[in-house]
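First the structure, in the form of structure tokens, and then the observations on it.
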Amino acid sequence: MEFGHLISAFTPFNFLLALCGVVAGTVIGSIPGLTATMAVAVLVPITFSMEPASALILLGAIYTGAIYGGAYAAILLNTPGTPSAIATTFDGYPMAKKGDGDLAVAIACYASVVGGMVGALALLFIAPPLSSVALAFGPIEYFWLSVFGLSLIASLSTGNVVKGLVGGAFGMILSTVGVAEISADIRLTFGSQTLISGFGVVGALIGLYCIPVLIDLVATPDRHLKVENEVRSVRITEAGRIAWGSKFNLIRSSIIGTLVGILPGAGGSVAGLVAYSEAKRSAKPHQKFGEGEPDGIMATEASNNATVGGGFIPTLVLGIPGTPPDAVILGALLVQGVRTGPTLFESGGSIVYTFIYGLIIATILMLPTGLLIGRYAYQTIVTIPKAVLVPLVGFMTLIGTFAIRNSVSDVVIMIGLGVFGWLVGRFGFAASPIVLGLILGPIAEQGFVQSWTIGAATNNLSGIFFGRPISQAIVAFTILTLVYPLFTQWRSARAGKISGATDAE
Amino acid sequence: MLRRTILKTAAAMALAAATGTTAFAQTNGPVDYVIPFGPGGESDISARLQQPFFKEKFGQDLVISYKPGGGGAVGWASLNGLNSNGQTIMGVNLPHIIIKPAQKDVGFKTEELNTFYMFHYTPDAIVVKADSPYKTLKDLVDDAKANPGQVTMSGSGKASANHLAQIKFDKMTGGKTTYVPFKGTGASTTAMLGGQVKAQWGYSTVGAKQGDAVRMLAVAMEERHPLFPDVPTFKELGYEMVGGAYRGIALPNTASAETTKKWSDMIGEINNDPAFRQKMLDGGFALLDVDSAGMADFMKARTEEYLKDAREAGLIK
Amino acid sequence: MRSEGKTGSLLISAFFVFAGIVTLWDTQNYTDSDSQVFPQTVSIVLIVCATISLVMTLLKGEEDSGFGDGIWWRRALLIASLLIACFLMPYVGFLLSGIVAFAGGLIAAMHDRWSGKTGLIYGLSGLVVMSAFYALFRYVLLVPLP
Chain P
638 MEFGHLISAF
648 TPFNFLLALC
658 GVVAGTVIGS
668 IPGLTATMAV
678 AVLVPITFSM
688 EPASALILLG
698 AIYTGAIYGG
708 AYAAILLNTP
718 GTPSAIATTF
728 DGYPMAKKGD
738 GDLAVAIACY
748 ASVVGGMVGA
758 LALLFIAPPL
768 SSVALAFGPI
778 EYFWLSVFGL
788 SLIASLSTGN
798 VVKGLVGGAF
808 GMILSTVGVA
818 EISADIRLTF
828 GSQTLISGFG
838 VVGALIGLYC
848 IPVLIDLVAT
858 PDRHLKVENE
868 VRSVRITEAG
878 RIAWGSKFNL
888 IRSSIIGTLV
898 GILPGAGGSV
908 AGLVAYSEAK
918 RSAKPHQKFG
928 EGEPDGIMAT
938 EASNNATVGG
948 GFIPTLVLGI
958 PGTPPDAVIL
968 GALLVQGVRT
978 GPTLFESGGS
988 IVYTFIYGLI
998 IATILMLPTG
1008 LLIGRYAYQT
1018 IVTIPKAVLV
1028 PLVGFMTLIG
1038 TFAIRNSVSD
1048 VVIMIGLGVF
1058 GWLVGRFGFA
1068 ASPIVLGLIL
1078 GPIAEQGFVQ
1088 SWTIGAATNN
1098 LSGIFFGRPI
1108 SQAIVAFTIL
1118 TLVYPLFTQW
1128 RSARAGKISG
1138 ATDAE
Chain V
12 MLRRTILKTA
22 AAMALAAATG
32 TTAFAQTNGP
42 VDYVIPFGPG
52 GESDISARLQ
62 QPFFKEKFGQ
72 DLVISYKPGG
82 GGAVGWASLN
92 GLNSNGQTIM
102 GVNLPHIIIK
112 PAQKDVGFKT
122 EELNTFYMFH
132 YTPDAIVVKA
142 DSPYKTLKDL
152 VDDAKANPGQ
162 VTMSGSGKAS
172 ANHLAQIKFD
182 KMTGGKTTYV
192 PFKGTGASTT
202 AMLGGQVKAQ
212 WGYSTVGAKQ
222 GDAVRMLAVA
232 MEERHPLFPD
242 VPTFKELGYE
252 MVGGAYRGIA
262 LPNTASAETT
272 KKWSDMIGEI
282 NNDPAFRQKM
292 LDGGFALLDV
302 DSAGMADFMK
312 ARTEEYLKDA
322 REAGLIK
Chain D
5 MRSEGKTGSL
15 LISAFFVFAG
25 IVTLWDTQNY
35 TDSDSQVFPQ
45 TVSIVLIVCA
55 TISLVMTLLK
65 GEEDSGFGDG
75 IWWRRALLIA
85 SLLIACFLMP
95 YVGFLLSGIV
105 AFAGGLIAAM
115 HDRWSGKTGL
125 IYGLSGLVVM
135 SAFYALFRYV
145 LLVPLP
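What follows is the structure in structure tokens.
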């Protein structure tokens, strides 16, 4: 922890790189379809002519900015700009609809900075020991983690759990379409060449979340978001107060994000879902998650930005990328001649520490730039007439989906899914369980098949599935998440009976 | 003063134009280099290693983009529909482009791909954790014979180079190991390092990346890899195994013979750059120089070999 | 509106049951048992849950859902223009087909009175923003847009 590295990170050039990176990343991340992975991949060649540390700072800054930028579209358009921001839509969009979009954006910014800092500090101080988490997680742990994520369906689908389960199962079936990831079969394509590519998560997110919003927007003359005609510059302090009031949630979500970020098979979307689920479980009775609860946004945004620092832990310590953008950065490092892996922290120490300080600087810079860009983003979305907003967002869904794989058929699939999502959504089958199934399905399937293979080979199926301490802990948490709401319901119902208060419905 | 500046600028521009034209004779603007997988794999890393050399030699950017899906099939099925003016190229991998179309209709056929250069391969290798009880290949083979099926080995995907190697090797030794497929070499390495499996069917690149954390028991090369002088080849130990996953580059099959030849020469030039060779070797890759002229023979031999292995393994009918 | 909600829920539940059966049928053709286990399990879950949903909807008798009071031609126009843009894309290029989608969406979303001035301003501002994004994707992010 020499301060020399801090000083070398603080050269004006590196500072400028961090600033540019954060701004560019935020903008790119806010566009649905453009992911952090793509932003980083495009900019890798630029870094070849730089010092390795500067290159890393630029890439890290873009990455961290992009993860935060994903929140804008999630809050203002109900469309996660990056998959990490899925759970941000749950409460962000309801808040924006109520007229609190600017507050939601500011809260997301505070939460992202806190999460980013916790992740970066973990990377700075305890990376080598924490990296063992990546290795302790075997196939079975991933399987149970995905089951835990799926348990969120139950609490998400307010009103009709069965319909939520139907959506989740359907999402998982969608995830199997195409060439199987690890086995060698082609599934559910019915001979179609288009379906071989399967349903990509990013395209499905755009379709299932954004298209229904657009369809509903054109159908009625109502405004997109409610606005009150007053000066809103004071909301930054209001957001700060709310964030301070939820410091425990912020820290817990950041730790969850850091830990999930370390897992190479998970990533920001899973981190956000797990943190959201935990925040919801420990909610106070008056908090209504899913209807515009600031704590929901904070949990997701803190945890997904914490995955940035967390993801770098296995990347730098073990040479195993924690998240897809890390994989790109790892490739860039190799070209630069930097060997990651166990020896990096000793031999290449100066680069690593300069980079970590650079990441911390970028995270801090995210506060002013994020609040500023966020305000403009909010004002733009609110003031643009609906007649222009809808076709522009429509155009963005086209270009964003196309850019994922440069494929027109992906765009058609996206629109088709969107219409389907709108149709079933109108009858109580919400989009979020389908998306959860789509994201967690492959993790569940691979974890299950691998565990089964290993268990059957070693004649130890029950030991593999239920005998390992980490899996036992995850299973316990899953049961707790499922049972706890029933328990509180039962308790409050009993309390209601005792006090004699009657309540229609 | 001003005049001099203008003159200087003009001179610089003329120079740029002059150097530009030589480069433009090769390619016209940035080249789109499509990798039909996600980032971070061996295909991505070797392409990233080519990137700066291409820019240096031919003055144009090589823009790497990812088109993952269907184990590469999505990319390859789209290749022949792309612009054939030489501004778009795509990475191809063996045995994928041979095995996949032989299994089912995946939208492309092996012989329809206009592969113009095979530039490297990652030799198969058995990798174990540094503290594994398997000190030599013999330890592992003995265990596999004594406890059939109990030796779990991770690898990247099914019907892949790793999987074929595992089946072939089991047949040679008479032992029985259990193959556990993972999504990509990174995930299979993680499983091996975490002790989820006892060994890994990986590549020599795993040894280069993980250094002292792992031990390679053998590599499937004709001679030892310069980076690992202490790791024996399978051949030395009496197993006739040479091969791995081969990587090359293809153009759409509508590209002219001239364009194909030009590209073959360009990639050949990069492949002959000593600095590039050194970087590839440091990464654990093994270089290969099959240009467009020799491609037909190379592919024919490989196709026969892979299809034979896959048929014996029951992966295709 | 109540009966619409019930019919819709019934139809969609039936569709999901059907989707589960199709999946189950499709798994018969897989060569590798590893790729069968998961879809089979999930499709059974889907069939069971969707059947429960079907029965529950039948028993409950009423449901508070439906399409609401939206204007149908606007919804249809929006989706149609997006789809038309997709099919035009390979022939006329991205920007032109984008304009088609934009025009369709603009007409679909325009609830106020048209006037020459608003039409011009909206159209122009849309064109400027779209061109900017096209340029960003095409030349900065190097996405090979048609």
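Protein chains in written order, with my numbering: chain P, 638 to 1142; chain V, 12 to 328; chain D, 5 to 150. Ideal Cβ placement from N, Cα and C applies to all residues, glycine included.
Determine the chain V residues that contact aspartate 30/D at a beta-carbon separation under 8 Å, and present them in chain order. For the purposes of this step, residue 30/D is identified with residue 26 of the third sequence, where counting begins at 1. Result: empty, since nearest Cβ-Cβ is about 13 Å, beyond 8 Å.
Does any residue of chain P bring its CB to less than 7 Å from the CB of methionine 101/V? Locating residue 101/V in the second sequence gives position 90, counting from the first residue. No, because no Cβ of chain P sits closer than 7 Å to the Cβ of methionine 101/V.
Can you pull the chain P neighbours of arginine 59/V, defined as C-beta to C-beta under 8 Å? The residue given as residue 59/V occupies position 48 in the second sequence. The contacting residues are Val681, Gly968, Ala969, Leu971 and Val972.
For leucine 146/D, go through chain V and note every residue whose CB falls closer than 7 Å to its CB, in chain order. Position 142 of the third sequence, counted from the start, is the residue given in the question as residue 146/D. In chain order: Pro41 and Val74.
From proline 79/V to threonine 874/P, what distance separates their C-alpha atoms? On the second sequence, residue 79/V is found 68 positions in, with the first residue counted as 1. On the first sequence, residue 874/P is found 237 positions in, with the first residue counted as 1. So the two alpha carbons sit approximately 44 Å from each other.
Quick check on DSSP: helix, strand or coil for leucine 128/D? If you number the third sequence from 1, residue 128/D lands on position 124. It is helical.
Take asparagine 715/P as the anchor and find which of Thr701/P, Ile699/P, Leu787/P and Leu851/P has the nearest alpha-carbon. In the first sequence, counting from the first residue as 1, residue 715/P sits at position 78. For the residues Thr701/P, Ile699/P, Leu787/P and Leu851/P, the minimum Cα distance to asparagine 715/P belongs to Leu851/P.
Roughly how many whole angstroms lie between the Cα atoms of alanine 759/P and glycine 753/P? Along the first sequence, read from residue 1 onward, the residue named residue 759/P stands at position 122. Along the first sequence, read from residue 1 onward, the residue named residue 753/P stands at position 116. Straight-line Cα distance between these residues: approximately 10 Å.
How far does the alpha helix (DSSP H) with aspartate 1047/P in it extend, from its first residue to its last? Taking the first sequence and counting its residues from 1, the one referred to as residue 1047/P is at position 410. First-last of the alpha helix (DSSP H) with aspartate 1047/P: 1045 to 1062.
Are the CB atoms of glycine 166/V and glycine 218/V nearer to each other than 7 Å? On the second sequence, position 155 is the one that residue 166/V refers to. On the second sequence, position 207 is the one that residue 218/V refers to. Contact: no.
Quick one: what's got a C-beta closer than 6 Å to isoleucine 665/P's C-beta in the same chain, skipping five residues either side? Reading the first sequence from its first residue, position 28 is the one you call residue 665/P. Cβ neighbours of isoleucine 665/P beyond the five flanking positions: Leu671, Ala676 and Ala703.
According to DSSP, is tryptophan 212/V part of a helix, a strand, or is it coil? Against the second sequence, residue 212/V aligns to sequence position 201. Strand at tryptophan 212/V.
In whole angstroms, give me the CA-to-CA distance for methionine 1003/P and glutamine 924/P. Numbered from 1 along the first sequence, position 366 holds the residue referred to as residue 1003/P. Numbered from 1 along the first sequence, position 287 holds the residue referred to as residue 924/P. Distance between the alpha carbons of methionine 1003/P and glutamine 924/P: 28 Å.
Counting C-beta neighbours from all protein chains within 10 Å, is the total for valine 965/P 16 or more, i.e. buried, or is it exposed? The sequence position of residue 965/P within the first sequence is 328, counting from 1. Classification of valine 965/P: buried, given that the 10 Å Cβ count is 16 or more.
Neighbour-count burial assignment, valine 85/V, 16 or more Cβ in a 10 Å radius: Sequence index remark: in the second sequence, residue 85/V carries index 74 (1-based). Counting Cβ neighbours within 10 Å, valine 85/V comes out buried, since at least 16 surround it.
Starting from arginine 258/V, trace the beta strand (DSSP E) in both directions and tell me its first and last residue. Looking up residue 258/V in the second sequence gives position 247. Counting along the chain, the beta strand (DSSP E) containing arginine 258/V begins and ends at 255 to 262.
The segment 78 to 96 of chain D contacting the segment 1005 to 1016 of chain P, beta-carbon criterion three pairs below 8 Å: no
Thinking just about the alpha-carbon of each residue, which of Thr271/V, Gly213/V and Thr147/V is nearest to the one in histidine 174/V? Mapped onto the second sequence, residue 174/V falls at position 163. Of the listed residues, the one whose Cα sits closest to histidine 174/V is Gly213/V.
Let me check understanding here. Comparing Cα to Cα, which of Gly995/P, Ile810/P, Leu767/P and Ala711/P lies closest to glycine 658/P? On the first sequence, position 21 is the one that residue 658/P refers to. Closest by alpha carbon: Gly995/P.
Residues of chain D with a CB under 8 Å from the CB of serine 788/P: which are they? Start at 1 with the first residue of the first sequence, and residue 788/P comes out as number 151. Here the premise fails: no neighbours, minimum Cβ distance about 14 Å.
Expected contact under 8 Å - CB spacing of leucine 960/P and glycine 905/P to nearest Å: Residue mapping note: residue 960/P aligns to position 323 of the first sequence, counting from 1. Residue mapping note: residue 905/P aligns to position 268 of the first sequence, counting from 1. Going by the sequence as given, residue 960/P is threonine instead of leucine. Yes, they are in contact, since the Cβ atoms of threonine 960/P and glycine 905/P sit about 7 Å apart, within 8 Å.
Straight-line Cα distance separating lysine 272/V from arginine 288/V: To locate residue 288/V, count along the second sequence from 1; it is residue 277. To locate residue 272/V, count along the second sequence from 1; it is residue 261. One C-alpha to the other measures close to 22 Å.
Please name the residues in the segment 167 to 178 of chain V whose beta-carbon is closer than 8 Å to at least one beta-carbon of chain D, in chain order. Lys169
Can you round the beta-carbon distance between threonine 244/V and methionine 232/V to whole angstroms, since I take them to be within the 8 Å contact cut? Reading the second sequence from its first residue, position 233 is the one you call residue 244/V. Reading the second sequence from its first residue, position 221 is the one you call residue 232/V. 5 Å between Cβ atoms; contact.
Exposure of serine 171/V, with buried meaning 16 or more beta-carbon neighbours within 10 Å: On the second sequence, residue 171/V is found 160 positions in, with the first residue counted as 1. Burial call: buried.
So does the segment 1077 to 1091 of chain P actually touch the segment 740 to 756 of chain P, counting three or more Cβ pairs closer than 8 Å? no
I think alanine 1048/P touches leucine 1035/P, with their Cβ atoms under 8 Å apart; what is that distance to the nearest whole Å? If you number the first sequence from 1, residue 1048/P lands on position 411. If you number the first sequence from 1, residue 1035/P lands on position 398. The sequence given here places valine at residue 1048/P; alanine does not occur at that position. Going by Cβ atoms, the distance from valine 1048/P to leucine 1035/P rounds to 6 Å, so yes, they are a contact pair.
Is the shortest distance between the beta-carbon of valine 814/P and the beta-carbons of chain B less than 7 Å? The structure shown contains no chain B; its protein chains are P, V and D.
Rounded to whole angstroms, what's the CA-CA distance from histidine 107/V to tyrosine 190/V? Just pull it up for me. In the second sequence, residue 107/V corresponds to position 96, counting from 1. In the second sequence, residue 190/V corresponds to position 179, counting from 1. Rounded to whole angstroms, histidine 107/V to tyrosine 190/V spans 18 Å at the Cα level.
Taking Cβ-Cβ distances shorter than 8 Å, what residues in chain D pair up with isoleucine 810/P? In the first sequence, residue 810/P corresponds to position 173, counting from 1. Within chain D, the residues near isoleucine 810/P are Ala23, Gly24, Thr27, Pro43, Val46, Ser47 and Leu50.
Could you give the distance in angstroms between the alpha-carbon of asparagine 283/V and the alpha-carbon of glutamate 67/V? Taking the second sequence and counting its residues from 1, the one referred to as residue 283/V is at position 272. Taking the second sequence and counting its residues from 1, the one referred to as residue 67/V is at position 56. Cα to Cα, asparagine 283/V sits roughly 14 Å from glutamate 67/V.
In chain order, what residues of the same chain have a beta carbon less than 7 Å from the beta carbon of threonine 174/D, not counting five sequence neighbours either side? Past the boundaries of the shown model lies residue 174/D; chain D is included only from 5 to 150, so the question cannot be answered.
Opening and closing residue of the beta strand (DSSP E) in which isoleucine 110/V lies: Here residue 110/V corresponds to residue number 99 of the second sequence, with the count starting at 1. Looking at the DSSP string, isoleucine 110/V is not in any beta strand (DSSP E); the run it does join, the alpha helix (DSSP H), is 107 to 114.
Taking C-beta pairs closer than 7 Å, name the residues in chain D that lysine 1023/P reaches, listed in chain order. Here residue 1023/P corresponds to residue number 386 of the first sequence, with the count starting at 1. Within 7 Å Cβ-Cβ: Ala113.
Bridge-paired residues (DSSP) for aspartate 135/V: Translated into positions along the second sequence, residue 135/V becomes position 124. DSSP lists Tyr214/V as partners of aspartate 135/V.
Where serine 57/V falls, given that 16 or more other Cβ within 10 Å makes a residue buried: Locating residue 57/V in the second sequence gives position 46, counting from the first residue. By the neighbour-count rule (16 or more Cβ atoms within 10 Å), serine 57/V is buried.
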